[in-house]
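Remarks on the structure that follows.
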Amino acid sequence: MSNGSGTGLVGGLVVDLKRLHETWMEIRYPRQLNASQSVLGKWKPSTTAGMATYRLWAAIGAVVIAVLYPFVLAGYVIRFQAVKLDSLATRIGLVGVLVLAAIAWGGLSLLVRYELGVVAGGFLAVAVASVVAVVAAGGAYLTGTYGGRVSTVVIAYPLAVTAFVLPPVVAALFYAPVYEVIEPLSSSIAAWGRAHVLAPLGVRDWFVRTFDLEGATIVALWVMLSVPVGWLLGIVATLAAYVRPE
1 MSNGSGTGLV GGLVVDLKRL HETWMEIRYP RQLNASQSVL GKWKPSTTAG
51 MATYRLWAAI GAVVIAVLYP FVLAGYVIRF QAVKLDSLAT RIGLVGVLVL
101 AAIAWGGLSL LVRYELGVVA GGFLAVAVAS VVAVVAAGGA YLTGTYGGRV
151 STVVIAYPLA VTAFVLPPVV AALFYAPVYE VIEPLSSSIA AWGRAHVLAP
201 LGVRDWFVRT FDLEGATIVA LWVMLSVPVG WLLGIVATLA AYVRPE
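Numbering (UniProt numbering), first residue to last: 1 to 246.
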């Protein structure tokens with residue numbers, strides 16, 4: 001598959017869209033994907049009714065792809081960043097990943113304790129979150145390196161997101177300027193979750209009575225959020241890799 005570098009940006013987009021549309025057509029009809037490379041060529045119905053159905057399916061596919069393609073473009077960006085991180089992780093290995101994560105989040109813990117004047121309990125919370133982030137970084141490395149595509153999407157991406165977001169979120173609980181950003185965002189996410197996830201399951205009122213949106217609950221919210229966000233990033237990156245393989 002061409003990456004479009006020889007035909008320019010527009011040519012690359014055309015190639016991408018063609019591959020996506022052929023893949024859509026392949027769901028229902030034979031010999032659609034890469035048919036130009038086949039001796040038999042692209043299959044088409046031989047009857048008027050069959051051709052009408054064929055064209056209707058093609059039109060539906062055009063609409064689906066119009067919605068889907070922006071995610072493919074986002075996937076290129078995500079995949080590019082993931083490849084850079086994977087290349088760095090490969091060079092430094094598991095020990096290097098753990099040491100680098102420990103230095104980064106350990107530095108955050110020390111900043112919280114000695115520069116921001118956070119009390120011992122707050123420092124401990126940040127330190128524990130940093131340890132979790134280091135473990136998550138190691139887990140993401142192992143899964144991404146030794147696992148397959150499915151395990152990378154299902155496990156590695158959520159762990160990587162957790163490693164990035166957890167310590168700053170915990171630190172925000174003890175640093176007002178960051179908390180002023182995190183708290184409203186957390187409230188909006190929680191409100192959406194109560195209305196669209198918990199209410200249909202019939203547990204909204206129980207959650208509201210049991211949990212206050214503060215402290216550990218905010219941290220738990222972001223940890224849970226990192227799972228679907230990680231899945232979404234992984235799926236989008238995988239889609240981009242399918243459309244334009246390296």
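Using N, Cα and C, we set each Cβ at its ideal position, and we do this for glycine too. Given the structure is predicted, the values throughout are model-derived calculations rather than measurements.
Span of the alpha helix (DSSP H) holding Q81? For the purposes of this step, residue 81 is taken as residue 81 along the sequence shown, with counting starting at 1. Note, Q81: alpha helix (DSSP H), 48–110.
Decide if R91 is buried, meaning its Cβ has at least 16 other Cβ atoms within 10 Å, or exposed. By one-based count along the sequence shown, residue 91 stands at place 91. Exposed, since its Cβ has fewer than 16 Cβ neighbours within 10 Å.
Decide if D16 is buried, meaning its Cβ has at least 16 other Cβ atoms within 10 Å, or exposed. What you label residue 16 is simply residue 16 of the sequence shown in a count that begins at 1. D16 should be labelled buried.
Suppose you measure from the CA of R244 to the CA of A101; what does that come to, to the nearest Å? Walking along the sequence shown from the start, residue 244 turns up at place 244. Walking along the sequence shown from the start, residue 101 turns up at place 101. Cα to Cα, R244 sits roughly 32 Å from A101.
By the three-class DSSP mapping on this structure, what secondary structure does A237 have? Taking the sequence shown and counting its residues from 1, the one referred to as residue 237 is at position 237. A237 falls in the helix class under three-state DSSP.
If we ignore side chains and look at the alpha-carbon of each, how far apart do L69 and A190 end up? Position 69 of the sequence shown holds residue 69. Position 190 of the sequence shown holds residue 190. As written in the sequence, residue 69 is Tyr, which differs from the Leu given in the question. The alpha-carbon atoms of Y69 and A190 are separated by roughly 29 Å.
For the alpha helix (DSSP H) that contains P45, what are its first and last residues? What you label residue 45 is simply residue 45 of the sequence shown in a count that begins at 1. No alpha helix (DSSP H) contains P45, which DSSP labels as neither H nor E.
If I'm right that I65 touches H21 with Cβ under 8 Å, what's the distance once you round it to whole angstroms? Position 65 of the sequence shown, counted from the first residue, corresponds to residue 65. Position 21 of the sequence shown, counted from the first residue, corresponds to residue 21. Their Cβ separation, rounded to whole angstroms, is 6 Å, which keeps I65 and H21 in contact under 8 Å.
Distance between beta carbons of V134 and Y239, contact taken as under 8 Å: Residue 239 sits at position 239 when you count from the first residue of the sequence shown. Residue 134 sits at position 134 when you count from the first residue of the sequence shown. Looking at the sequence itself, residue 239 is Leu, so the reference to Tyr does not match. The Cβ separation is near 30 Å, so there is no contact.
Measuring CA to CA, which of A104, G11, I60, R55 is closest to V165? Translated into positions along the sequence shown, residue 165 becomes position 165. Of the candidates A104, G11, I60, R55, the one whose C-alpha sits nearest the C-alpha of V165 is A104.
So, is R55 buried or exposed, given that buried needs 16 or more other C-beta atoms within 10 angstroms? Position 55 of the sequence shown, counting from 1, holds the residue named residue 55. Flag for R55 reads exposed.
Report the rounded CA-to-CA distance for Q32 versus Y242, giving the unit in angstroms. Indexing the sequence shown from 1 puts residue 32 at position 32. Indexing the sequence shown from 1 puts residue 242 at position 242. Their backbone Cα atoms lie some 16 Å apart in a straight line.
For A82, collect the residues of the same chain with a Cβ closer than 7 Å to its Cβ; drop the 5 residues on either side in sequence, then sort them by chain order. Translated into the one-based positions of the sequence shown, residue 82 becomes position 82. Same-chain partners within the cutoff: A237.
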